[in-house]
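Enquirer:
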Amino acid sequence: MKFRNESIEFLRVIAMLFIVMLHVSGAFANLEADGTFENALHHSFRSVCFTGVTIFAFISGYFGVKWNGKKFFDYEMMAISFEILVFIFTILFVSSFNISVSLRSLFPIAGGCHWYFSAYMIFMLLVKFLPPSKSCAQK
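Quick note: to get the working numbering, add 214 to the position in the sequence shown (first position is 1).
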């Protein structure tokens, strides 16, 4: 039987709501209102919502990620394949091609792109050094 802590699951749902609010609030950014109270309030709201990303990642990772070298390799190959396809598509069909942006996306950790995927992959590497969670121990 799988162990589920309802409090942790509730916290994960709240974190998901924060992530959705973070993405939705990005559409309402007024870049010309820099220095105003409205802008400060908007940035404060987004800063609070950013905590949802960290909370969700740690809860999901701690209870759901186990070290698996094949899975790690498969994820990495999938990401590299996708980025190569996007790179080729950009060269062929986008008129405002920027080589530095394209190279940054091919090297996500060094380039600062795709930060969530990079963090997930680093977490997968580190997970074998963490103590097992109750849910993993009962599997």
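For every residue, glycine included, the Cβ atom is placed at its ideal position computed from N, Cα and C.
Short check: CB of Phe232 to CB of Gly266, under 7 Å?
Expert: Yes.
Enquirer: Taking one C-beta from the region 238–255 and one from the region 302–318 each time, how about it: are there three or more such pairs within less than 8 Å?
Expert: The region 238–255 is not in contact with the region 302–318.
Enquirer: Only counting runs of 4 or more residues, tell me where the alpha helix (DSSP H) segments fall wholly within the region 216–240, in order along the chain.
Expert: Listed in chain order, they are 220–239.
Enquirer: At 4 residues or longer, and completely inside the region 240–295: list those alpha helix (DSSP H) runs for me, N to C.
Expert: DSSP runs (the alpha helix (DSSP H)) wholly in the region 240–295: 251–278.
Enquirer: Quick one: residues in its chain with C-beta nearer than 6 Å to the C-beta of Phe286, no 5 flanking neighbours on either side, listed in chain order?
Expert: The residues are Met338.
Enquirer: Can Cys263 and Leu225 be called in contact, C-beta distance under 7 Å?
Expert: Not closer than 7 Å, so no.
Enquirer: Mapping the DSSP letters down to three states, classify Leu340 as helix, strand or coil.
Expert: In this structure, Leu340 counts as helix in the three-state DSSP scheme.
Enquirer: Tell whether a beta-carbon distance below 7 Å holds between Ala333 and Ile269.
Expert: No, they are not a contact pair.
Enquirer: Please name the residue in Lys280, Ile273, Glu220 and His256 whose C-alpha comes closest to that of Lys342.
Expert: Lys342 has its Cα closest to that of Lys280, out of Lys280, Ile273, Glu220 and His256.
Enquirer: Give a yes or no on whether the C-beta atoms belonging to His218 and Ser239 are separated by under 7 Å.
Expert: The amino acid at residue 218 is misidentified as His; the sequence shows Arg. No, the pair does not count as a contact, with Cβ atoms beyond the cut-off.
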